[in-house]
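Read top to bottom, the protein sequences are chains A and B. The first sequence begins at 1 in this note's numbering and counts up one residue at a time. The second sequence begins at 180 in this note's numbering and counts up one residue at a time. Here a beta-carbon is modelled for each residue, glycine too, at the ideal position from N, C-alpha and C. Encoded as structure tokens, the structure appears first; notes follow it.
There are 2 protein chains.
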Amino acid sequence: MVRIVGIDPGLRRTGWGVIESDGVRLSYVASGTVATDSGSQLSVRLAEIYEGLNSVLRTYQPTEAAVEQTFVNRDAAATLKLGQARGIALLVPALSGLGVAEYAPNAVKKTVTGNGHGDKAQIRAMLRILLPRAEPDSADSADALAIAITHAHMRRAARLQQKLKQNGLGGGRLAGAIS
Amino acid sequence: MVRIVGIDPGLRRTGWGVIESDGVRLSYVASGTVATDSGSQLSVRLAEIYEGLNSVLRTYQPTEAAVEQTFVNRDAAATLKLGQARGIALLVPALSGLGVAEYAPNAVKKTVTGNGHGDKAQIRAMLRILLPRAEPDSADSADALAIAITHAHMRRAARLQQKLKQNGLGGGRLAGAIS
Chain A
1 MVRIVGIDPG LRRTGWGVIE SDGVRLSYVA SGTVATDSGS QLSVRLAEIY
51 EGLNSVLRTY QPTEAAVEQT FVNRDAAATL KLGQARGIAL LVPALSGLGV
101 AEYAPNAVKK TVTGNGHGDK AQIRAMLRIL LPRAEPDSAD SADALAIAIT
151 HAHMRRAARL QQKLKQNGLG GGRLAGAIS
Chain B
180 MVRIVGIDPG LRRTGWGVIE SDGVRLSYVA SGTVATDSGS QLSVRLAEIY
230 EGLNSVLRTY QPTEAAVEQT FVNRDAAATL KLGQARGIAL LVPALSGLGV
280 AEYAPNAVKK TVTGNGHGDK AQIRAMLRIL LPRAEPDSAD SADALAIAIT
330 HAHMRRAARL QQKLKQNGLG GGRLAGAIS
């Protein structure tokens with residue numbers, strides 16, 4: 001059994017979602033959003049994200065973490081803001097000794113909806129199927145759950161690949177098996 | 180007496196410098212560089228910056244903090260990296276309850292060298308005059324000391340301004356007095 005926290009970082013809203021995987025089935029544990037006050041000092045907002053995520057880790061005790069790779073765009077000021085929030089999202093699980101995987105938004109969409117261009121509605125629809133008990137309170141916590149699901153699939157794929165190797169089978173077959 | 184930590188954040192090297200100001204004179208306390216291993220996971224490197232700065236705060240117990248505003252450039256990937264490191268630099272003093280001031284690189288250069296385009300050599304030269312005991316171990320720790328000096332000057336200027344206001348004098352005179 002592995003318990004995974006997925007994090008979708010943002011300075012204004014950081015989504016988080018915790019799921020469990022027994023290697024075959026996924027189950028929903030909890031999800032939520034850490035919101036910060038845009039009127040506060042930047043350092044205070046980052047501390048709020050830190051405290052919020054720390055509290056999630058203390059409460060739900062995940063064993064692995066996955067963070068969405070920030071979409072790097074042309075707006076340098078926005079990229080910087082997101083980078084600062086993302087730094088905290090990567091830091092908090094690392095300080096608790098958790099491995100932190102990173103997934104590009106495309107990889108997450110592809111895992112959850114089957115193609116790299118799935119929109120928010122498609123992600124929500126797949127969440128209802130994969131984690132029927134989930135009630136994400138924001139688009140950010142829905143994304144965070146999708147990231148956690150992506151990590152569960154990726155780590156299972158990596159394990160399968162390892163097993164196939166031990167049995168003298170190539171990885172080529174696996175690509176078909178998990179696609 | 181105020182004890183100020185200046186921080187020049189970077190993913191590879193984060194410079195820090197601690198100074199004291201009694202409102203008139205500055206004195207050097209300590210400075211150094213937190214370096215991270217570029218071969219490590221991003222989350223681990225951010226945790227190294229966190230631990231390093233935390234240790235500086237525990238050891239030197241500053242009462243205020245100042246962080247350089249990141250230079251936002253056109254390289255979005257570099258901006259994102261810097262943003263992540265900068266998030267940690269803002270977070271650590273905020274978690275200790277310190278106010279965190281931010282200064283643009285130009286403001287720091289102008290304060291320390293007299294114009295906004297002072298180069299690294301000029302900053303070093305002024306450091307030798309303002310903090311003769313300082314022996315920064317890198318360009319980053321030299322910059323961090325320059326940021327701490329900038330904060331000492333800015334807070335003194337703000338206090339003077341307040342006093343002048345209380346005495347019914349405008350702020351216009353002050354601009355001349357501290358330039």
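Assignment of residue 8 of chain A by DSSP, reduced to helix, strand and coil, places it in the strand class. The criterion of a C-beta distance shorter than 8 Å is not satisfied by residue 230 of chain B and residue 215 of chain B. The beta carbons of residue 242 of chain B and residue 251 of chain B sit no closer together than 8 Å. Annotated three-state conformation of residue 205 of chain B is strand, per DSSP.
Scanning its chain for C-beta atoms nearer than 6 Å, with the 5 sequence neighbours on each side dropped, one finds around residue 235 of chain B the residues 195, in chain order.
Taken through DSSP and simplified to helix, strand or coil, residue 128 of chain A comes out as helix.
Within the DSSP secondary-structure output, residue 267 of chain B pairs in no beta bridge. Taking 8 Å as the CB threshold, residue 185 of chain B stays off the interface with chain A. In this structure, the alpha-carbon of residue 105 of chain A lies about 15 Å from that of residue 121 of chain A.
With a 10 Å radius around the Cβ and a threshold of 16 neighbouring Cβ atoms, residue 255 of chain B comes out buried. Taking a Cβ-Cβ cut-off of 8 Å, the neighbours of residue 269 of chain B in chain A comprise 42, 43, 46, 84, given in sequence order. Along the stretch 236-256 of chain B, the positions whose C-beta sits under 9 Å from a C-beta of chain A are 244, 246, 249, 251, 252, 253, 254, 255, 256, read in chain order.
Look at residue 212 of chain B here: in three-state DSSP terms it is strand.
In chain order, 91, 95 make up the part of chain A whose C-beta sits under 8 Å from the C-beta of residue 229 of chain B.
In terms of Cα proximity to residue 310 of chain B, the closest of B:245, B:329, B:298 is B:329.
Cβ-Cβ distances below 7 Å link residue 134 of chain A to 28, 31, 127, 145 in the same chain, with the five nearest sequence neighbours on each side left out; the list follows chain order. Looking at the DSSP output, residue 196 of chain B bridges to B:185, B:210. For residue 8 of chain A, the number of other beta carbons within 10 angstroms of its own is at least 16, and it is reported as buried. Here residue 279 of chain B carries a strand assignment [DSSP, helix/strand/coil]. Nearest CB-CB separation between residue 100 of chain A and chain B: below the 8 Å threshold. Here the C-alpha atom of residue 97 of chain A lies approximately 10 Å from the C-alpha atom of residue 91 of chain A. Taking C-alpha positions only, residue 11 of chain A is separated from residue 54 of chain A by approximately 16 Å. Per DSSP, residue 227 of chain B is one residue of the alpha helix (DSSP H) stretching across 221-239.
In its chain, beyond the 5 residues on either side, 192, 193, 194, 195, 316, 317, 319, 320 have a beta carbon closer than 8 Å to the beta carbon of residue 212 of chain B.
Beta-bridge partners assigned by DSSP to residue 135 of chain A: none are found.
The bridge partners DSSP lists for residue 244 of chain B are B:184, B:279. Interface with chain A (8 Å Cβ-Cβ cutoff): residue 258 of chain B is included.
With a cutoff of 8 Å on beta-carbon distance, residue 185 of chain B and residue 245 of chain B are scored as near each other. Going by DSSP, residue 294 of chain B is part of no alpha helix (DSSP H) at all; its letter is neither H nor E. Between residue 108 of chain A and residue 220 of chain B, the CB-CB gap reaches or exceeds 8 Å. Setting aside the 5 residues that flank it on each side, residue 38 of chain A is surrounded in the same chain by 12, each with a C-beta closer than 7 Å to its C-beta; the list follows chain order. Taking residue 26 of chain A as the centre and dropping the five residues before and after it, the same chain places the C-beta of 19, 20, 130, 131, 149, 152 closer than 8 Å to its C-beta, in chain order. Taking C-beta atoms as the reference points, residue 94 of chain A and residue 222 of chain B count as a pair closer than 8 Å. Take the alpha-carbon of residue 238 of chain B and the one of residue 342 of chain B: they are about 34 Å apart. Scanning its chain for C-beta atoms nearer than 7 Å, with the 5 sequence neighbours on each side dropped, one finds around residue 180 of chain B the residues 199, 201, in chain order.
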